[in-house]
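**Q** Quick note on this note's numbering: the sequence shown kicks off at 424 and runs consecutively.
Even glycine gets a Cβ: it sits at the ideal position worked out from N, Cα and C.
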Amino acid sequence: MPADDPQAPQPPAPEHYDTALIVASLRRQQRRTRLIIAALGALAIAAAAAALLFSSSRHAPVPGAPGAAQPAAPPPSVKAPQPPASRPGAAPGAPHRRR
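#1: CA-CA distance, A471 and I460?
#2: Using the C-alpha atoms, what's the distance from G464 back to L458?
#3: I'd like the list of long-range same chain contacts for M424, defined as Cβ closer than 7 angstroms, with 5 residues on each side in sequence excluded.
#4: My output table needs one value for A469: the three-state DSSP class, helix, strand or coil.
#5: To the nearest angstrom, report how far apart A462 and T442 are at their CA atoms.
#6: I need the DSSP call for Q453, collapsed to helix, strand or coil.
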């Protein structure tokens, strides 16, 4: 078959390419790219949340659980409650007299 045969299939000239097909292909590629970016973002958020939960659970033990720290004593500036002052001359711990 000679190269000048009009019946032979020829590739279309660049000016005859269907722009609708090109635009559709680019939109599909853009959709895939956005989906990949969204999936990576969700994965990053999930990893950060897991790291935050793991780190906070190690530093905040459940109160009353074995190995949990006991409540801190009040600071030295806070005085412990004192019993009421007794009458002068009365025995320590004696009940007050009613009037």
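**A** From the atom records:
#1: 17 angstroms
#2: 10 angstroms
#3: Per-residue confidence for M424 stands at a pLDDT of 48, beneath the threshold of 50, marking its modelled position as unreliable; the derived number appears in the next sentence. Excluding positions up to five away in sequence, the list reads A431.
#4: helix
#5: 30 angstroms
#6: helix
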